[in-house]
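First the structure, in the form of structure tokens, and then the observations on it.
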Amino acid sequence: MKLIGSTKILMADGSSKPINEISIGDRVSSPYFTYNSVVNVFLGMEEVLVYIVADGRELCMSKDSLIETANGVIPVTELQLYDSINIFDSKTADTKFVNITEIGERTEAPEIYSLELDREHTYIANGFCVGDFQWMYSKEMNLHRSTKEDSTSHPTIEEELRNLLDQLKKRE
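See the structure below:
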């Protein structure tokens, strides 16, 4: 996940820190009650960003970021208003899915940051459950793999139904 510098990251000690102040060796909290050390901080620039608002929280990220929805991990550019996305509820100390109430683009040129963690590759940014550099890369590879497999090796439902109907006709 590539995030703007002011994005607040939940630290292992329960405090929050802007991502642009995170250093290698800092410990961040994951949504699953573990703590991970930051092993790398990546810095870049983006001209167009995507922002979402859900449960009164806002997250602004690069257009090539991925995010976890109730229907799986998808590129942020495919998000739609009222899609359900995973957040961390600090009151219950658990995750939950909530609907996106606002989505849009911003044309800014801020620095963006991405973290790489040592073990579990998820963390909490502005209350949203997000993935680190390795998480993004592995999810991208799975998305490309599943898209390729889906389009070439798996018959569509329509094709399966036609085949079943043909088999039934042959039995008559």
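Each residue of the sequence shown is one higher than the one before, counting from 68 in the numbering used here. Backbone N, C-alpha and C define an ideal beta-carbon position, used for all residues, glycine too.
C-alpha distance - residue i paired with residue j, whole-angstrom precision
i: I134; j: Q234; result: 42 Å
i: K84; j: S157; result: 16 Å
i: V165; j: R238; result: 50 Å
i: I191; j: T174; result: 25 Å
i: D199; j: D185; result: 10 Å
Whole-angstrom C-beta distance between residue j and residue i, which should lie under 8 Å
i: E183; j: N107; result: 4 Å
i: L126; j: Y118; result: 7 Å
Terminal residues of the beta strand (DSSP E) in which residue i lies
i: D161; result: D161 to T174
i: R124; result: R124 to S129
i: L148; result: Unbroken run through L148: none, as it is neither H nor E.
i: N107; result: Y102 to M112
i: P85; result: S83 to P85
i: S96; result: R94 to S96
i: V117; result: V115 to A121
Local conformation of residue i per DSSP, three classes
i: D199; result: coil
i: D156; result: strand
i: E88; result: helix
i: K237; result: helix
i: T136; result: strand
i: R229; result: helix
i: T74; result: coil
State whether the segment 127-147 contacts the segment 88-97, with contact taken as three or more CB pairs (one from each stretch) at a distance under 8 Å. no
For the structure I just gave you, are there three or more beta carbon pairs, one from the segment 164-175 and one from the segment 93-104, closer than 8 Å? no
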